[in-house]
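As they're listed, the protein sequences go chains A, B, C and D. Residues in the first sequence are numbered from 1 upward in steps of one, following this note's numbering. Residues in the second sequence are numbered from 1001 upward in steps of one, following this note's numbering. Residues in the third sequence are numbered from 2001 upward in steps of one, following this note's numbering. Residues in the fourth sequence are numbered from 3001 upward in steps of one, following this note's numbering. For reference, the structure is listed below as structure tokens.
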Amino acid sequence: MDLRQQHELLYRMDKTDSFMDRLKGSAAYPLRAQSIEILQLNVTRRCNLCCRHCHVEGSPEQTGELSRENMEACLRVAAIPEITTLDITGGAPEMHPRLEWFLKEAAGIGKRLLVRSNGAILLEDPYRRYLDIYAETGVEVVLSLPHPLRERTDRMRGTGIFERIITAMKELNKRGYGNSETGRILNLVHNPVGAFLPGSQQALESEYRSRLRQDYGVEFNSLYCLTNCPVGRYLDFLKRSGNLPDYINLLKQSFNPEAVQNLMCRTTLSVGVDGRLFDCDFNQVLDLSLSDGTPAHIRDFNYEKLSRREIVVRSHCFACTAGSGSSCQGALE
Amino acid sequence: MDLRQQHELLYRMDKTDSFMDRLKGSAAYPLRAQSIEILQLNVTRRCNLCCRHCHVEGSPEQTGELSRENMEACLRVAAIPEITTLDITGGAPEMHPRLEWFLKEAAGIGKRLLVRSNGAILLEDPYRRYLDIYAETGVEVVLSLPHPLRERTDRMRGTGIFERIITAMKELNKRGYGNSETGRILNLVHNPVGAFLPGSQQALESEYRSRLRQDYGVEFNSLYCLTNCPVGRYLDFLKRSGNLPDYINLLKQSFNPEAVQNLMCRTTLSVGVDGRLFDCDFNQVLDLSLSDGTPAHIRDFNYEKLSRREIVVRSHCFACTAGSGSSCQGALE
Amino acid sequence: MSQQYYEKDDLQDFPNIAEYASEQGEKFFEYYDRATSAGKLTEREKSLIALTVATVRHCPYCIDAYTNKCLSLGVGHDEMMEAIHVGAAMVAGDTLVHATQMRKIVKKKEM
Amino acid sequence: MSQQYYEKDDLQDFPNIAEYASEQGEKFFEYYDRATSAGKLTEREKSLIALTVATVRHCPYCIDAYTNKCLSLGVGHDEMMEAIHVGAAMVAGDTLVHATQMRKIVKKKEM
Chain A
1 MDLRQQHELL YRMDKTDSFM DRLKGSAAYP LRAQSIEILQ LNVTRRCNLC CRHCHVEGSP
61 EQTGELSREN MEACLRVAAI PEITTLDITG GAPEMHPRLE WFLKEAAGIG KRLLVRSNGA
121 ILLEDPYRRY LDIYAETGVE VVLSLPHPLR ERTDRMRGTG IFERIITAMK ELNKRGYGNS
181 ETGRILNLVH NPVGAFLPGS QQALESEYRS RLRQDYGVEF NSLYCLTNCP VGRYLDFLKR
241 SGNLPDYINL LKQSFNPEAV QNLMCRTTLS VGVDGRLFDC DFNQVLDLSL SDGTPAHIRD
301 FNYEKLSRRE IVVRSHCFAC TAGSGSSCQG ALE
Chain B
1001 MDLRQQHELL YRMDKTDSFM DRLKGSAAYP LRAQSIEILQ LNVTRRCNLC CRHCHVEGSP
1061 EQTGELSREN MEACLRVAAI PEITTLDITG GAPEMHPRLE WFLKEAAGIG KRLLVRSNGA
1121 ILLEDPYRRY LDIYAETGVE VVLSLPHPLR ERTDRMRGTG IFERIITAMK ELNKRGYGNS
1181 ETGRILNLVH NPVGAFLPGS QQALESEYRS RLRQDYGVEF NSLYCLTNCP VGRYLDFLKR
1241 SGNLPDYINL LKQSFNPEAV QNLMCRTTLS VGVDGRLFDC DFNQVLDLSL SDGTPAHIRD
1301 FNYEKLSRRE IVVRSHCFAC TAGSGSSCQG ALE
Chain C
2001 MSQQYYEKDD LQDFPNIAEY ASEQGEKFFE YYDRATSAGK LTEREKSLIA LTVATVRHCP
2061 YCIDAYTNKC LSLGVGHDEM MEAIHVGAAM VAGDTLVHAT QMRKIVKKKE M
Chain D
3001 MSQQYYEKDD LQDFPNIAEY ASEQGEKFFE YYDRATSAGK LTEREKSLIA LTVATVRHCP
3061 YCIDAYTNKC LSLGVGHDEM MEAIHVGAAM VAGDTLVHAT QMRKIVKKKE M
């Protein structure tokens, strides 16, 4: 679905009761950033997989990647004291040709460093080496595993992918990942495989832990539960399956005013493949630029201006305020 | 309850439909031993506890113990090739003043050697040393733990006993017990805490394992499920609580002809505190001597005669044929 | 014959209910055994579900059978009671959610 | 107003059922939330019990709510279906066990 279609569809679903109207009725209006603690980089939308829920529509056909120059700008920004975390996502970050160099540089800065991997790619040449690179640089690995049951995950990500993720987890476990004593952190991400909200993070984490331990003998540290945002391929699924109106209604009904205070965009800045800045990964996909008057590119980073910017919101923002809330770090509460 | 009262009560409950009648209707009549593989010794009825289900009515007040001379006779019998297992029970076997000596002698024979302990005694002086003696002699430890929940076990065994059994398990775990790789075996025994039958051994074992591991971090090898036999203190409970007729009916209704073939008395010989021989521990309590013409004392042991003896049965035998069956080694199937 | 409809001995008659229609009765038992024995759900989980349905359906025979089954499986009193509370809350809830139909009619009909 | 008694939008009305009797309604919600949230039993176990009761009681609203809840909790299709089979077997069973009462009367009355 092209960008114009996505915007039209979302507008049609949300003409009367916009997210902005809800905000106006809450103490959080106008919604502003309160800091920038997390710098999230989308280094490439290229990916070896083509998952049905991917909001960036990652696939082998995608082109473009964060340039060396922009990466260097990111490293300079990451070094400022306010930033605590460098969060690398894609696509499959491993498919960025300079990821290894970047990780080593980033590890030198001494901030929390995490890479969001699809797991399956870690069994493929020439990406296999990242198993060791991750362990050496001590990077936190975040694997997307939509469901602890093979059939459900394969339905979303492709046949055989579940097995490959499990194998990748075993490899990471061998390197000390997922063991609370080594300090090597392996977290998993859950996305609902369908048109419903994630259950409680605590219940799902214990479900994942017991199934994965019992059935496959693999370990992880924490589970992050993410609500699927109605953009990209997931929006497409909602429309084709006739679930779109119900899903949008569900998100709206589940609006939780308390989640607004903790929205991750209030402490995060998202860098696109071309170095442009966004309030979050979803706004990046929808090409919603930062609000007027704030620097638009990583090379023009200005903490003072960016850390107090007004957040650009649309109806897809209901995904992050539904129920207990959702962010790239999991449920908000 | 004295012996006469027990016999009277059982007779009153089972005038019309005796166990013998059921046997006569099955292929197993007359019920004969087929071998003697297990020599079970009740070395003393003395015990530091006074559990509500104890069929031998063990308590600190009980007197008498297997004499040195009879113990030596047992060792000679245990050495014959047909016998595979020496099963030491009580009371609390640790309260027998010569248990240490006996275990070391018995270990020398090279047969499977197991001790049924109440666990709690292993934290008390001077019995604490048996933790190490068991580990040194490699004896299999069988602990009675009626229920994986504190409140239920304490109800049956006395307040605080659950905690002490758990502590004893931790001590045994430290010595390699309950770890499938060390060969040191720690098995648990489940008895229903009340007037009902045990559930499936598999389901209960998994229930015990997950609760004990999760709540206390202790491990064991296998769980044996035993049906409570309506003799001794358990018979007393059934009568006082008004459960006796229902329980006897339940046992009869649950009669499983297949369990008869595998009855443990068919491969076991039970030695009483005075050296007398019985078909099982329950017959020993009820003072039901072996059938006519068979040697009555361990010093007169004769494999030929004893291994083909006819088993003495009464209505309490329904406890061993109920459902999936029950024996000192757990469910029969 | 007793003056009580519900006698404790009735439960012991359960194995005999194939009488008068044996073929269907036997098929029922096959189904019942398969449905209530361990599969993807454990015996414990199924027994808690069965106990809850037994109470929701007010079947004294089934309550007796599954209370005993839960005891036999070492299920805690608190677990049994929590399961029955789920049943009770659902019965209250499924009643109250139907108030929506009453409220829809009220709102349509009244001036 | 639609020509259907059961409309999907009715379920969205569930939070409003305190209307017309708010005090009782609010107490109900407090009870319902407490009874159906994790305690000695997990959310997963309670959701499977609730789904079973919902089907046994033929409440389409509750079936919708708890199917979604089970999906949200990552419960397998096979687990959901096995739970419903326990419900179905119990309903069949609690019906058939009452045949005992019919059979007792038959046996008493007939010559």
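Yeah, the Cβ is synthetic: ideal placement off N, Cα and C, and Gly gets one too. Only a predicted model underlies this, so the values are computations on that prediction, with no experimental measurement involved.
From residue i to residue j, what distance separates their C-alpha atoms?
i	j	result
serine 1018 of chain B	glycine 1110 of chain B	41 angstroms
isoleucine 344 of chain A	arginine 1209 of chain B	Any answer about residue 344 of chain A is impossible in this case: the structure gives chain A only from 1 up to 333.
glutamine 62 of chain A	tryptophan 101 of chain A	22 angstroms
alanine 3092 of chain D	lysine 1252 of chain B	27 angstroms
glutamate 1008 of chain B	isoleucine 1311 of chain B	21 angstroms
glutamate 1072 of chain B	valine 1273 of chain B	13 angstroms
lysine 2040 of chain C	alanine 3083 of chain D	9 angstroms
asparagine 1262 of chain B	arginine 3034 of chain D	49 angstroms
arginine 276 of chain A	isoleucine 298 of chain A	6 angstroms
glutamate 2026 of chain C	threonine 2036 of chain C	15 angstroms
arginine 1004 of chain B	valine 1285 of chain B	12 angstroms
cysteine 317 of chain A	aspartate 2 of chain A	19 angstroms
threonine 1016 of chain B	arginine 1164 of chain B	45 angstroms
leucine 238 of chain A	aspartate 246 of chain A	9 angstroms
glycine 2076 of chain C	threonine 182 of chain A	37 angstroms
Using three-state DSSP, classify residue i as helix, strand or coil.
i	result
threonine 1085 of chain B	strand
glutamine 329 of chain A	coil
cysteine 1051 of chain B	coil
arginine 3034 of chain D	helix
threonine 3095 of chain D	helix
glutamate 219 of chain A	coil
leucine 1038 of chain B	The displayed chain sequence assigns isoleucine, not leucine, to residue 1038 of chain B. In the structure shown, isoleucine 1038 of chain B sits in a strand (DSSP, three-state: E or B).
arginine 2103 of chain C	helix
asparagine 1187 of chain B	strand
serine 1059 of chain B	strand
glycine 90 of chain A	strand
valine 1077 of chain B	helix
alanine 1322 of chain B	strand
glutamate 205 of chain A	helix
serine 1180 of chain B	coil
arginine 1116 of chain B	strand
valine 43 of chain A	strand
tyrosine 1224 of chain B	strand
arginine 1032 of chain B	strand
glutamate 1008 of chain B	helix
glutamate 1065 of chain B	strand
phenylalanine 3028 of chain D	helix
Would you call the CB atoms of residue i and residue j closer than 8 angstroms?
i	j	result
histidine 1053 of chain B	arginine 1314 of chain B	no
isoleucine 133 of chain A	leucine 172 of chain A	no
cysteine 1328 of chain B	methionine 1264 of chain B	yes
leucine 114 of chain A	valine 77 of chain A	no
cysteine 74 of chain A	serine 59 of chain A	no
glutamate 1037 of chain B	glutamate 1082 of chain B	yes
asparagine 1187 of chain B	serine 1222 of chain B	yes
leucine 3048 of chain D	isoleucine 2049 of chain C	yes
glutamine 40 of chain A	threonine 268 of chain A	yes
valine 1231 of chain B	phenylalanine 1196 of chain B	no
When you compare the CB of residue i with every CB in chain F, is at least one pair closer than 8 angstroms?
i	result
leucine 1149 of chain B	In summary, chain F is missing from the structure at hand, where the protein chains are A, B, C and D.
Chain C contacts from the region 3035-3046 of chain D (Cβ-Cβ distance under 9 angstroms): Ala3035, Thr3036, Gly3039, Lys3040, Leu3041, Glu3045 and Lys3046
Any alpha helix (DSSP H) of 4 or more consecutive residues that is wholly inside the region 130-176 of chain A: 130-137, 150-157 and 161-174
Within the region 1232-1317 of chain B, ranges of the alpha helix (DSSP H) (whole runs, at least 4 residues): 1232-1240, 1244-1253, 1257-1261, 1281-1285 and 1303-1306
Within 8 angstroms of chain C by C-beta, residues of the region 3052-3073 of chain D in sequence order: Thr3052, Val3053, Ala3054, Val3056, Arg3057, Cys3059, Tyr3061 and Cys3062
Residues of the region 1241-1259 of chain B with Cβ closer than 9 angstroms to any Cβ of chain C, in chain order: Correct list: Asp1246, Asn1249, Leu1250 and Gln1253.
Continuous alpha helix (DSSP H) assignments of at least 4 residues falling wholly in the region 2034-2083 of chain C: 2043-2056 and 2060-2072
Against chain B: residues of the region 2004-2018 of chain C by CB proximity under 7 angstroms: Gln2012
Within 7 angstroms of chain A by C-beta, residues of the region 3074-3096 of chain D in sequence order: Gly3074 and Gly3076
Members of the region 173-198 of chain A near chain D, C-beta cut-off 7 angstroms: Pro192, Gly194, Phe196, Leu197 and Pro198
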